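So the sequence shown is numbered by numbering that gives the first Met the number 0: it starts at 0 and just counts up by one.
Here is the structure we will look at, set down as structure tokens.
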Amino acid sequence: MSIQLKEILHKCSVDRAGPHAGEGRTHILGVGRVTRWGRALTCLSVCLSVCLSVCLSTVIHSLRYFSTGSSGLSSFPEFVAVGMVDEVQFVHYDSVSERAVPKQEWMDQLTTEDRDYWARNTGRFQGTPRPTYRQTHNLSLSLSLSLSGAHVFQWMYGCEWDDEDDTTDGHEQYAYDGEDFIAFDLKTMTWVAPVRQAVPSKLRLDQDRAGNQYKKNYYTKECVDWLKKHLAYGKSTMQRTGRVT
Numbered sequence: 000m001s002i003q004l005k006e007i008l009h010k011c012s013v014d015r016a017g018p019h020a021g022e023g024r025t026h027i028l029g030v031g032r033v034t035r036w037g038r039a040l041t042c043l044s045v046c047l048s049v050c051l052s053v054c055l056s057t058v059i060h061s062l063r064y065f066s067t068g069s070s071g072l073s074s075f076p077e078f079v080a081v082g083m084v085d086e087v088q089f090v091h092y093d094s095v096s097e098r099a100v101p102k103q104e105w106m107d108q109l110t111t112e113d114r115d116y117w118a119r120n121t122g123r124f125q126g127t128p129r130p131t132y133r134q135t136h137n138l139s140l141s142l143s144l145s146l147s148g149a150h151v152f153q154w155m156y157g158c159e160w161d162d163e164d165d166t167t168d169g170h171e172q173y174a175y176d177g178e179d180f181i182a183f184d185l186k187t188m189t190w191v192a193p194v195r196q197a198v199p200s201k202l203r204l205d206q207d208r209a210g211n212q213y214k215k216n217y218y219t220k221e222c223v224d225w226l227k228k229h230l231a232y233g234k235s236t237m238q239r240t241g242r243v244t
């Protein structure tokens, strides 16, 4: 709780407990005279305003990657991936160009200091198992989803960092044709299957304890380090868009 908020709460409690609580007294902000209840409501209003101000000053930053695989859509690349920092796209990759390209000018500074950045990320995207429906089928041998016709499979993963209390969080989830399919629970290091077709995948993935521990370490440490690095390079741009305070 902020010092300012504590002082206001203390002032409110003193006024309420005073020996003349039932009599009209000067408003704590020095404007007119109010009753005990009026004073209490004013205190509450001020406290809520301060709370709102404190809450709004806290920024939760995020680094997320979105991958989309498709089948049966000839006009759309089979695989597309984008990277977003605080909802601002900074990298794009697709299976047509097979190359990761920057989307923000500030990425030039980052890649000047990290010359292998684009080659490394291009290789990472190229090496990412295409989330198309052949790979969807590999998630579970007993998967009963339709693999014919046009379909879209989506994969999102990334991390969040609260710049006030330094807490972190991570996410990894998959969707099929716009419906949730399976997701990783960072706290329990297990997988959540919202649909019955994903249950076999959940059971198999839950057994990979080493892999799940790696994911937790990645999302709470390595991913957050990359998030902070991208924020540092893109700070001026983020400030102009109100993303960084």
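Virtual Cβ for every residue (Gly too), placed ideally from N, Cα, C.
All of these numbers come straight from a predicted model, not from anything done at the bench.
Count the other CB atoms, across all protein chains shown, that sit within 10 Å of the CB of residue i; report buried if there are 16 or more and exposed otherwise.
i    : result
L226 : buried
Q153 : buried
Y213 : exposed
D85  : buried
V194 : exposed
S74  : exposed
State the Cα-Cα distance for the pair residue i and residue j, rounded to the nearest angstrom.
i    : j    : result
F180 : S66  : 14 Å
G122 : Q196 : 31 Å
G68  : N216 : 26 Å
T166 : L62  : 14 Å
R98  : P76  : 13 Å
W105 : A174 : 32 Å
Y156 : G82  : 10 Å
V95  : E178 : 26 Å
R119 : K220 : 19 Å
Y64  : D93  : 13 Å
V111 : K234 : This sequence places Thr at residue 111; Val is not what is there. Whole-angstrom Cα-Cα distance: 17 Å.
S200 : R114 : 38 Å
Whose C-beta lies closer than 8 Å to the C-beta of residue i among residues of the same chain, with five residues either side of it excluded?
i    : result
L109 : Y116, K228, H229 and Y232
D107 : P101
R208 : M188
Considering only the beta carbon of each residue, do residue i and residue j sit closer than 9 Å?
i    : j    : result
G202 : G210 : For the sequence presented, residue 202 should be read as Leu rather than Gly. Not in contact: L202 and G210 (Cβ atoms no closer than 9 Å).
V79  : H60  : no
E171 : Y218 : yes
L72  : A149 : yes
C158 : V223 : yes
V198 : D176 : no
Q103 : F124 : no
With DSSP as the reference, label residue i as helix, strand or coil.
i    : result
Q108 : helix
L62  : strand
Q153 : strand
G177 : coil
T121 : helix
D165 : coil
D115 : coil
S74  : coil
S200 : helix
K215 : helix
D205 : helix
G148 : coil
A192 : coil
A231 : helix
Under 6 Å Cβ to Cβ from residue i, same chain only, skipping five residues before and after it: list those, please.
i    : result
D184 : V191
D161 : I59
C50  : Because the pLDDT of C50 is 48, which lies under 50, any placement of that residue in the model is unreliable, and the number read from its coordinates should be weighed accordingly. Within the same chain, C50 has no close Cβ partners at all.
Once the 5 residues before and after residue i are set aside, which same chain residues still bring their CB inside 7 Å of it?
i    : result
D257 : With the chain covering 0 to 244 only, the question about residue 257 has no answer from this structure.
Chain D beta carbons: is any one of them nearer than 9 Å to that of residue i?
i   : result
S74 : Reference to chain D is not applicable here, since this structure consists of a single protein chain.
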